[in-house]
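Let me begin by presenting the structure, written as C-alpha cells, before commenting on it.
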Amino acid sequence: MAVDAFDVAERFQTPVFVLSDLDLGMNQWMAEPFRYPARPLDRGKVLDAAALERAGGFARYRDVDGDGIGWRTLPGTDHPRAAYFTRGTGHDEQAAYSEKSDVYERNLARLKRKLDGAREALPAPVLTGAGTAAVGVLAYGSSDPGVRESVAQLAAERGLAVDYLRVRAWPFARAVRDFVASHQRTYVVEQNRDGQLAGLLALDLDPALAAKLRPIPRTDGLPLDARTVTDTILAREGR
Amino acid sequence: MADPKKPAAGAAAPTPAAPRQNRLGLTVVDYKGGKTTLCAGCGHNAISERILEAYFDLGVPPERVAKFSGIGCSSKSPAYFMTRSHSFNAVHGRMPSVATGALLANRTLRGIGVSGDGDTASIGIGQFVHLVRRNVPMVYVIENNGVYGLTKGQFSATADPGSTLKTGAVADLPAIDTCALAIQLGASYVGRSFSGDKKQLSALLKGAIAHRGTALLDVLSPCVTFNDHEGSTKSFAYVKEHDEPLQEVSWVPAFEDITVEYDPGTTVEVTLHDGSRLRLKKLEEGYDPRDRVASLARLLSAQQDGDVLTGLLYVDPQAPTLLDRLGLVEAPLATLPAERTRPPPAVLDAINDSLR
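Same order as they appear, the protein sequences are chains A and B. Under my numbering, read the first sequence as residues 783 to 1021, first letter to last. Under my numbering, read the second sequence as residues -16 to 339, first letter to last.
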C-alpha cells in the first residue's frame, strides 16, 4: 500500500493520506507476506533537461493533456527554464503570483479535473455478495472484519441477504455510486462519531442517491464488533 | 537648444559598458528575481540583493540552487531573487523539513532558506532546532525584525523585553536568541548581521554559501511599517547605535589566489569547505569564533547589555553534516536508477521469513 501511495502521490502530484487506527498501530497482527513490487516506481510527468530543451520551456500548471496534471521538473535540472516557484498563494499557469479571479477559478477547475481523474486510479472498492440484494452495507478500513462477520450473522440468524462494499479510497470510484444506485438502502457503517464517510458520500452523490444512505456511526473507543452492527441493522430493517 | 545629454546628430552613439560577468560567463541579471511587493525601505529587499550578488560573485549556477521559505514577509522574498532557481514556499514554520528532504534527495543542490523571526522562533521553532542539530548543509537566513509584519505588527519571540510597539504595548517575555540556540544545538556557522551593513552581510553570506553545514545568519532587518520607531530595539536607529561588530569580515574565494600577510594576533583566518577563506580582522580583543563556549557567553553578555553583537559568532568548518552521519552515496538519490534504490526480492523474503 505504501508503494501504491507514493505512485499515486507522484502521478497526481498530491499528498496521499494512508489511514490507520490505534488498534492496527499498537498491536501485533497476522498478515499475508508482503509482496515484492511488480512494477517500477511511477514518477509521473517529469521533464528532464533534454525534454525541456525540445519543448522550448514549460508552464508548471498548464493542463496540456486535459487531465488536470501539469508537467514538472525536479530541482537541480540543469536548464535555465527548469525552475518554478511552488507557492502557497494563488498562482497562474506559469507558477507566478496572481490574485486574478479568472486565474484562481481556472486553477480550481483544473484541480477538480485532476481529482476526478484519480477516482479509477486508486485502490478499487471490494464487493462481497452477488450485488443483487435490496440492502447494501458500505464500510472502510478496519471496520472490515466486524462488518464481514455481521453480514454472515444477518444471513444466518434472520435470512437477511445484504451486499457489502468495502471502500478503499477517496475520491470514490464510480463503483461506489453504482452500488448505492443499485440498492434500495445502503447502511454506511463507520467508527466515527460524526459519520464522516456518510458525509463525504452525500457530498459526492446526486441528492436522490444520497437519500438512500443510512448512516451507522459508532464510537466507543473499541474495535467494531459484529453484534452491534447486526443488531442496529435488524432494528432499522424492522426484523 | 540641443539636449546636452544626447549625442549630437551624426556622432557615434557611445558603446555601453559590457555588464560584468562571473566565472560562468553569467551576468547579475541571470540572478535576478521578480519585482518586490514588500514595503519601500524594507530591510528584506536589501538582503535579497546581497543574496543574489553573493551567488553571482561565487559563480554558483542558479539552477543548482534551491530556495526554501515558510510564511511571512521574509518568506515572500525568495520570489525576489534568482528566478532561475527552484523555490518552495512551505507551510508556516515547516520549511526546515521540506529543505531537509529536498537536500537529502539531491545532495548536490545548494540550499538556501529564508525565514523570519516569527516563522523560525515562534511557529517553526520545533523544526528549526532539529534542522540545526542535524547540521543540514544549507544557508538559513532569518530576516529578523521582531514583529509579525504580515499580520500588522504584533511582537514576535525575538522582541527584546522592554521594547515597545507603536501602540505602547511593552514586550515582557524573554527574547529567543536564535544564534545562541543554533550554536548550542550544533549549527556549524553562525553569524549575525544587519540589512544596512552591505559589506559585512555580503562577506558573511559568501562564507555561509561556501560553508558545508548549517550556516545560520540572523540578519536584523527593520520593519519600516511596524517596528522602526523610538522604543523599538529592532529599528534602523537602534541597531546602528548598538551594533557591536566583532570583526571586520572579508571573504577570499578559492579561485583567487590572494596571499595577504596578516598578524595572527589581530586576524583570524578560517578556511571553509570549498577552500575559500574568511578573514576576520578582530575588532574585539580575544574573540575567537572557533570557541563555542566563549561565543555563547559573549552572546549572553551582549543580550544583557542591550548590544547587537554582529559578525561571525561561531564556526566549525569540519563539523559532520547530516549527509556524513547518514553515509549517503555521492550520487544524488533523486537521480539514482531504480535498480540502485530498490533492494532485490531476497531482502524482502528475508524480512517476511523473520516475521513468520
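Each residue gets a CB set at the ideal place from its N, CA and C atoms; glycine is no exception.
Check: Would you call the segment 66 to 74 of chain B and the segment 45 to 58 of chain B touching, i.e. three or more CB-CB distances under 8 Å?; Outcome: yes
Check: Excluding sequence positions up to five away, which residues of its chain have a Cβ less than 8 Å from the Cβ of residue -16 of chain B?; Outcome: Residue placement at residue -16 of chain B cannot be trusted, given a pLDDT of 42 that sits under 50; the coordinates are not used to answer.
Check: Do you know how far the Cα of residue 94 of chain B is from the Cα of residue 257 of chain B?; Outcome: 15 Å
Check: Could you check which residue in A/793, A/991, A/1011 has the C-alpha nearest to that of residue 999 of chain A?; Outcome: A/1011
Check: Residues in the segment 850 to 867 of chain A with C-beta within 9 Å of chain B's C-beta atoms, listed in sequence order?; Outcome: 855, 856, 857, 858, 859, 860, 861, 862, 863, 864, 865, 866, 867
Check: On a Cα-Cα basis, can you pick out the residue from B/90, B/89, B/100 that is closest to residue 76 of chain B?; Outcome: B/100
Check: Take residue -2 of chain B and list the residues in its own chain whose beta-carbon comes closer than 8 Å to its own, dropping the five residues that flank it on each side.; Outcome: none
Check: If we call anything under 8 Å between Cβ atoms a contact, is residue 291 of chain B one with residue 222 of chain B?; Outcome: yes
Check: With 8 Å as the threshold, decide whether the Cβ of residue 235 of chain B is near any Cβ in chain A.; Outcome: no
Check: Short check: CB of residue 54 of chain B to CB of residue 870 of chain A, under 8 Å?; Outcome: yes
Check: Name the DSSP bridge partner or partners of residue 873 of chain A?; Outcome: A/879
Check: For residue 146 of chain B, collect the residues of the same chain with a Cβ closer than 6 Å to its Cβ; drop the 5 residues on either side in sequence, then sort them by chain order.; Outcome: 154, 215, 216
Check: Could you pull out every unbroken alpha helix (DSSP H) segment of at least 4 residues lying fully inside the segment 42 to 77 of chain B, listed in chain order?; Outcome: 56 to 59
Check: Return yes when the Cβ of residue 59 of chain B is within less than 8 Å of the Cβ of residue 103 of chain B, no when it is not.; Outcome: no
Check: How would you label residue 966 of chain A, buried or exposed, when you count the other beta carbons within 10 angstroms and need 16 or more for buried?; Outcome: exposed
Check: Does residue 953 of chain A come within less than 8 Å of chain B when only Cβ atoms are used?; Outcome: no
Check: Consult DSSP for residue 819 of chain A and reduce its assignment to one of helix, strand or coil.; Outcome: coil
Check: Since residue 989 of chain A and residue 805 of chain A should fall inside the 8 Å C-beta cutoff, what is the C-beta to C-beta distance between them, to a whole number of angstroms?; Outcome: About 35 Å; that fails the 8 Å criterion.
Check: Do you know how far the Cα of residue 40 of chain B is from the Cα of residue 204 of chain B?; Outcome: 23 Å
Check: Taking 8 Å as the threshold (beta carbon to beta carbon), is residue 92 of chain B in contact with chain A?; Outcome: yes
Check: Taking C-beta pairs closer than 8 Å, name the residues in chain B that residue 816 of chain A reaches, listed in chain order.; Outcome: 331, 334, 335
Check: Using the three-state DSSP reduction, which class does residue 918 of chain A fall into: helix, strand or coil?; Outcome: strand
Check: Whose Cβ in chain B lies nearer than 7 Å to the Cβ of residue 869 of chain A?; Outcome: 72
Check: Can you name the start and end residues of the alpha helix (DSSP H) that residue 264 of chain B belongs to?; Outcome: Here residue 264 of chain B belongs to no alpha helix (DSSP H); instead the beta strand (DSSP E) covers 260 to 265.
Check: For a contact defined as C-beta to C-beta under 8 Å, what are the partners of residue 315 of chain B on chain A?; Outcome: 858
Check: Do residue 958 of chain A and residue 907 of chain A have their CB atoms nearer than 8 Å?; Outcome: yes
Check: For residue 4 of chain B, which three-state DSSP category applies?; Outcome: strand
Check: Taking only beta-carbon positions, decide if residue 822 of chain A is within less than 8 Å of chain B.; Outcome: yes
Check: Around the Cβ of residue 783 of chain A, are there at least 16 other Cβ atoms within 10 angstroms (buried) or fewer (exposed)?; Outcome: exposed
Check: From residue 162 of chain B to residue 1008 of chain A, what distance separates their C-alpha atoms?; Outcome: 58 Å
Check: Given that residue 126 of chain B touches chain A, what residues does it touch there, using C-beta distances under 7 Å?; Outcome: Under the 7 Å cutoff, chain A gives no residues; its nearest Cβ is about 18 Å from residue 126 of chain B.
Check: Between residue 5 of chain B and residue 858 of chain A, is the Cβ-Cβ spacing less than 8 Å?; Outcome: no
Check: Which residues in the same chain have their Cβ closer than 7 Å to the Cβ of residue 160 of chain B, if we skip the five residues on either side of it in sequence?; Outcome: 282, 286
Check: Determine, for residue -15 of chain B, whether the minimum Cβ-Cβ distance to residues of chain A falls below 8 Å.; Outcome: Per-residue confidence for residue -15 of chain B stands at a pLDDT of 46, beneath the threshold of 50, marking its modelled position as unreliable; no derived number is given.
Check: I'd like the list of long-range same chain contacts for residue 902 of chain A, defined as Cβ closer than 8 Å, with 5 residues on each side in sequence excluded.; Outcome: 955, 956
Check: Just verifying my parser: in three-state terms, what is the DSSP assignment at residue 1020 of chain A?; Outcome: coil
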